[in-house]
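Number of protein chains: 2
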Amino acid sequence: MIPERSLEVLRAIVHDYIETSQPVGSKSLVERHAFGVSSATIRNEMALLEDEQLIIAPHTSSGRVPTDKGYRLFVDRLGEVKPLSLPERTAIETFMQGSADLDEILGRTVRLLAQLTNQVAMVQYPSLDKGHVKSVELIKVADNQLILLLITDISRVQQHLIQFAAAIDDDFVATLRAKLIGALTGSSLSQVSAKLKDFTSQFSPQRETYVQLVLDTLLEQVDANRQDKVILAGTANLAKNEDDFKGSISPMLEAIEEQVVLLRLIQEMQAEENGVSLRIGSENGLAEFSSSTVVMSGYEKEGSQVAKLGVLGPTRMDYSANISAVRAVARYLTQTLGGL
Amino acid sequence: MIPERSLEVLRAIVHDYIETSQPVGSKSLVERHAFGVSSATIRNEMALLEDEQLIIAPHTSSGRVPTDKGYRLFVDRLGEVKPLSLPERTAIETFMQGSADLDEILGRTVRLLAQLTNQVAMVQYPSLDKGHVKSVELIKVADNQLILLLITDISRVQQHLIQFAAAIDDDFVATLRAKLIGALTGSSLSQVSAKLKDFTSQFSPQRETYVQLVLDTLLEQVDANRQDKVILAGTANLAKNEDDFKGSISPMLEAIEEQVVLLRLIQEMQAEENGVSLRIGSENGLAEFSSSTVVMSGYEKEGSQVAKLGVLGPTRMDYSANISAVRAVARYLTQTLGGL
DNA sequence: ATTGGCAGTCGTAACCATTGAGTGCTAACG
DNA sequence: CGTTAGCACTCAATGGTTACGACTGCCAAT
């Protein structure tokens, strides 16, 4: 077990390094913190911490910098949670006010989080995997165009334009609509595919291609629901903290824009604890994010966690501030969604 | 008037500078290009070009670099248009295939343009200012929730959730829907506000607040149409070309994310010529884009120009390649939209 | 008008000495 | 045994000097 005072020293090192962004040495440590001992003693402690791979010296003879492992220990064992300041609280409240639409709420949320943390903020759209069909609508907008509307119980409405080769008559649309509503209302999204299995056979052969086209679109919509989506804000903060990232930031921007990598990363973090979870540096296993930390928290809708939100920043970040910001915003979002 | 050979020299300077990103001197110029004269003569020409502010020497004694004015002359007078390569053509065709939805088409287009040019690509959503209401729909999704659907004739459907304080009955929804359709179908978006002027008075006083809520939402939607929107791709390319931008790229990323600045810039370019238009460096009047060039082209839908698309990159860019890429993509997009 | 030649300008790279922050180790101390 | 003072050592950073080289501008010759 690592003795208490060593941890105290680690905490001080992380603290100072985050503040100054300079490797921290034994002397400046005793100056800035009131340990009751001399720098030589601290040096011994630091040698110990270095043996444990919690800190590392960039060059043979300059101060120490926390390793990913060091940061991990810091957040797991030593993290006091910094409460949000008053202006931050009011910022959250004003930001969240007066939104009704899910798109708008999430858009505001992600910008808020970016502003609050000065990092890149991410908000994942609710996974509708467990959602249920509330209603289906078919609306004729032209002789050969329909709009298909899929309404689910997680405040999301999806629409898609369907183009037909020839004109379609109103009666057909009406019956199709009625049958779809009858077949699907209330069923979960994962059941939709099964429920539509023999649907086409209810119609006359010459209608079949039309029906099939609608069904294909519908299934596509359902599938689009299953596949998650992330919205981002504050990518400019990446460039602002550029020095903290070892390599160039361009591969990071690429990975972020690509979404795929990001989504998998978020997905993997799903499994962890219930509150805020972190991936520090090499922990996330991706070369382009090897000097980045991801802080994520789930948020809920109607009692069950639907998706995650969080920030991405340099490993050298203010962990307390970011963790509490992510947590607070997740709570507010849960609360806002609950009111819908 | 500037003599012909001087222009020839300017062209060579721009060409070499774009290729090497190094200030170009008289000696290397005569080596790389077959002028029939010696470096001394070229020096005289260069002194002339410098008098005209077309090129500038970063330090007293090193090669010359084109100024914004120099680039401007280059694109206006000397720009041969590089035809697209075969792989580029096929890339465009495969990218554009099999899309039906406007969102998807524009999304693909912007990614395509980014990939083709290695710059930040922007596609503006069609301005619906001159659009017409095709239909309005009200759909009840819960006792106290309606979805308002606004369908316009420029392939765009907008939806918005409306939350009521109390439950509403079906009859009311049906009559409201019918009256809205009657009042608005076919009218242009700019007329909507006027047409709804005395709409509320058709209903009994106790309904009025409900009706008003719906109308407000509707007007909000119309307004959201008028206000343009831009989608982006390839922001990672900014970081890749970082050296070409004088200052930090973070204010640029901010301005891009902000959209407002970007939209005004695009708006201003609207007035220029019909084909591809450029803003080079200081021409765009914004400090954060003082070493960037914007290349934009309009694209059309049903014969009239609806919006613009283009790229943003360093002033030191391959103008011929980017101009022809922007032009080609604009044409393909127009063509694709025409097939809808 | 063109050109070769030459002096002059600076930015860049290389080299070297100096500085100083910081370490590890050892011996002394309570 | 933990703590401490002292000391030799390391090494990045700093700054000054020099040499180099890629330029230009100008002038006299062609």
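Line order of the protein sequences matches chains A and W.
So that you can map any letter, position 330 of the first sequence is 595 in the numbering used here, and since no number is skipped, the others follow by simple counting.
So that you can map any letter, position 13 of the second sequence is 278 in the numbering used here, and since no number is skipped, the others follow by simple counting.
Just so you know, even glycine gets a beta-carbon here, dropped at the ideal spot from N, CA and C.
Cβ of residue i within 8 Å of any chain W Cβ
i: V422 of chain A; result: yes
i: S513 of chain A; result: yes
i: E519 of chain A; result: yes
i: K566 of chain A; result: no
i: I433 of chain A; result: no
i: V406 of chain A; result: yes
i: T500 of chain A; result: yes
i: L414 of chain A; result: yes
i: A305 of chain A; result: no
i: D493 of chain A; result: no
Neighbour flag for residue i against chain A, beta carbons, 8 Å
i: L206 of chain W; result: Nothing about residue 206 of chain W can be read from this structure; chain W reaches only from 266 to 605.
i: V487 of chain W; result: no
i: V457 of chain W; result: no
i: L530 of chain W; result: no
i: H425 of chain W; result: yes
i: A277 of chain W; result: no
i: D481 of chain W; result: no
i: S400 of chain W; result: yes
i: K505 of chain W; result: yes
i: E522 of chain W; result: yes
i: D509 of chain W; result: no
i: D366 of chain W; result: yes
Identity of the residue in the options nearest residue i by Cα
i: F437 of chain W; options: W:Q532, W:I320, W:E473; result: W:E473
i: F339 of chain W; options: W:F510, W:E273, W:S293, W:V571; result: W:E273
i: D366 of chain W; options: A:L411, A:V375, A:G372; result: A:L411
i: Y584 of chain W; options: W:V560, W:A572, W:Y564; result: W:V560
i: R342 of chain W; options: W:I267, W:R329, W:L349, W:A430; result: W:I267
i: T417 of chain A; options: A:Q428, A:K405, A:H397; result: A:H397
i: F464 of chain W; options: W:L454, W:S453, W:G451, W:I446; result: W:I446
i: A439 of chain W; options: W:S452, W:V476, W:V457; result: W:V476
i: E553 of chain W; options: W:V541, W:G563, W:I307, W:E522; result: W:E522
i: R581 of chain A; options: A:N409, A:Q535, A:T332, A:L598; result: A:T332
i: Q570 of chain A; options: A:A593, A:L377, A:P579, A:G540; result: A:G540
i: A431 of chain A; options: A:G575, A:L478, A:V591; result: A:L478
i: K494 of chain A; options: A:E519, A:L480, A:Q532, A:A504; result: A:Q532
i: D508 of chain A; options: A:A443, A:L530, A:G578, A:K566; result: A:G578
i: P348 of chain A; options: A:A590, A:L598, A:T599; result: A:A590
i: E567 of chain W; options: W:I370, W:Q600, W:L518; result: W:Q600
i: T500 of chain A; options: W:N506, W:A489, W:I514; result: W:I514
i: E519 of chain A; options: A:M534, A:L497, A:Q535; result: A:L497
i: S392 of chain A; options: A:A595, A:E565, A:R596, A:A593; result: A:E565
i: D488 of chain W; options: W:H425, W:S547, W:I545; result: W:H425
i: S452 of chain A; options: A:Q467, A:S469, A:A407, A:V401; result: A:V401
Neighbour-count burial assignment, residue i, 16 or more Cβ in a 10 Å radius
i: Q471 of chain A; result: exposed
i: Q603 of chain W; result: First, the amino acid is wrong: residue 603 of chain W is Gly here, not Gln. With fewer than 16 Cβ atoms within 10 Å of its Cβ, G603 of chain W is classed as exposed.
i: Q486 of chain A; result: buried
i: A269 of chain A; result: Note that residue 269 of chain A is Glu in the sequence shown here, rather than Ala. Answer is exposed; the Cβ neighbour count stays below 16.
i: N502 of chain W; result: buried
i: K511 of chain A; result: exposed
i: D434 of chain A; result: exposed
i: N549 of chain W; result: buried
i: P352 of chain A; result: exposed
i: S303 of chain W; result: exposed
i: T374 of chain A; result: buried
i: V346 of chain W; result: exposed
i: K399 of chain A; result: buried
i: I386 of chain A; result: The question names Ile, yet the displayed sequence has Ala at residue 386 of chain A. Answer is buried; the Cβ neighbour count reaches 16.
i: R529 of chain A; result: exposed
Alpha helix (DSSP H) runs contained entirely in the region 324-365 of chain W, provided each spans 4 or more residues: 333-338, 351-361
Alpha helix (DSSP H) segments (min. 4 residues) lying fully within the region 278-303 of chain W: 291-297
Given 8 Å, three or more beta-carbon pairs between the region 367-384 of chain W and the region 574-589 of chain W: yes
Entirely enclosed alpha helix (DSSP H) segments - the region 423-449 of chain A, minimum 4 residues: 435-449
Given 8 Å, three or more beta-carbon pairs between the region 274-289 of chain W and the region 314-330 of chain W: yes
Unbroken stretches of the alpha helix (DSSP H), 4 residues or longer, contained in the region 467-551 of chain W: 473-491, 501-505, 515-523, 525-534
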